[in-house]
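First up is the structure itself, then whatever we jot down about it.
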Amino acid sequence: MIIMKKTIFLSLISVLAFFVSCSDDSNSPEVYENTFKGTLLYKGAELNSDAECGVHIIDNVATVTLYGVSFAPAMPAMDIVIEGLSCAKSADGYVITGTDVLPSVAGRPVEAYAMSEVTARVSGDTFVLNCETARGAIGFDTSLSVVTLGNKSFRGNLVVGDFIKESTVSVGFDEANSVVTMVIKDAKFAENMPLTIDITLKDMPFAVGDAVTFSAIDIVPYINAEPEPSVSYTFASVEGTMAGDALVFTAKMSESLAPYVAGKVFEFEGELVTE
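According to the working numbering, the sequence shown is numbered sequentially starting from 24.
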């Protein structure tokens with residue numbers, strides 16, 4: 024009888040432990056934590072195209088941290104912590120909101136950047152944040168396609184009719200005048216052409232959006248190192264796009280040129296050459 028009572032007692036302990044364990048699991052907070060890389064914005068303009076932002080969520084409360092923020096060249100970088108934000112689950116992530124939020128830096132509240140409204144959304148690998156302050160909006164976005172200008176080189180296939188040749192194309196941007204100069208290096212019009220030439224297309228207007236687009240009509244190129252443009256190689260049209268690490272363009276020569284170049288179409292698609 025004693026053995027039976029002991030067995031029943033141990034069974035009851037096991038059942039109780041099981042229910043306690045289940046109760047502990049159901050009471051465990053839901054935790055989400057991630058660090059995103061993207062573009063930091065201030066007053067609608069790009070501040071840093073390689074910024075980091077951390078998101079930490081426990082149940083329905085979120086903390087967002089903007090790392091290494093500097094609003095001016097001489098201003099030291101700081102981590103801005105935005106705490107106590109409301110969080111709700113969405114179909115593909117989380118929606119984060121807050122009003123009258125006081126962010127902190129190094130554990131101290133910063134009145135200068137008090138946020139009247141904070142809205143953010145986590146959607147898979149995408150995180151978008153907007154904070155309205157008296158000094159201007161502060162934002163973060165992983166989905167922006169940020170375009171950086173400057174002198175770049177791209178390597179890829181240059182197609183002229185049936186002839187395909189690997190070539191390098193360099194581009195240089197004059198931001199003050201919104202024009203781009205492009206150099207097609209070692210170009211050939213046909214496989215049996217004995218020599219290659221460098222074709223320089225100067226001062227083509229460009230525009231910046233999600234990508235850089237440029238176009239020009241009736242553009243007279245410079246050939247090799249010649250000081251004067253060569254009318255006998257005039258291009259009727261040039262259209263191109265630079266997005267991220269890729270350059271694509273089409274350039275059609277004038278129909279009124281000599282037969283071996285008249286109407287020739289150059290097509291190029293290449294990737295950025297990294298040093």
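Just so you know, even glycine gets a beta-carbon here, dropped at the ideal spot from N, CA and C.
Local conformation of TYR283 per DSSP, three classes: coil
Stretch-stretch touch, CB-based, cutoff 8 Å, three pairs: the segment 91-100 with the segment 111-118: no
Beta-bridge partners of TYR245, as assigned by DSSP: THR223
C-alpha distance - PHE229 paired with VAL92, whole-angstrom precision: 31 Å
CA-to-CA distance, ILE240 to VAL347, given in whole angstroms: Examination of residue 347 is not possible in this model, given that the chain is present from 24 through 298 alone.
Chain-order list of residues whose beta-carbon lies under 8 Å from that of GLU292 (same chain, five-residue window excluded): GLY179, ASN180, ALA269, LEU270 and VAL271
When PHE94, LYS112, LEU89 and ALA95 are compared against ILE103, the one with the closest alpha-carbon: LEU89
Under 7 Å between C-beta atoms of SER176 and VAL296: yes
Secondary structure of VAL254, DSSP reduced to three states: helix
First and last residue of the uninterrupted beta strand (DSSP E) at ASP102: 101-112
Spatial distance of SER146 from ASP164 (CA atoms): 12 Å
PHE150 beta carbon less than 7 Å from that of PHE212: no
Within 7 Å, strictly: CB atoms of GLY159 and ASN153: no
Inter-residue Cα distance where the pair is THR223 and LEU125: 55 Å
Where ALA135 falls: helix, strand or coil (DSSP): helix
Helix, strand or coil at ALA199 according to DSSP, with G and I counted as helix: coil
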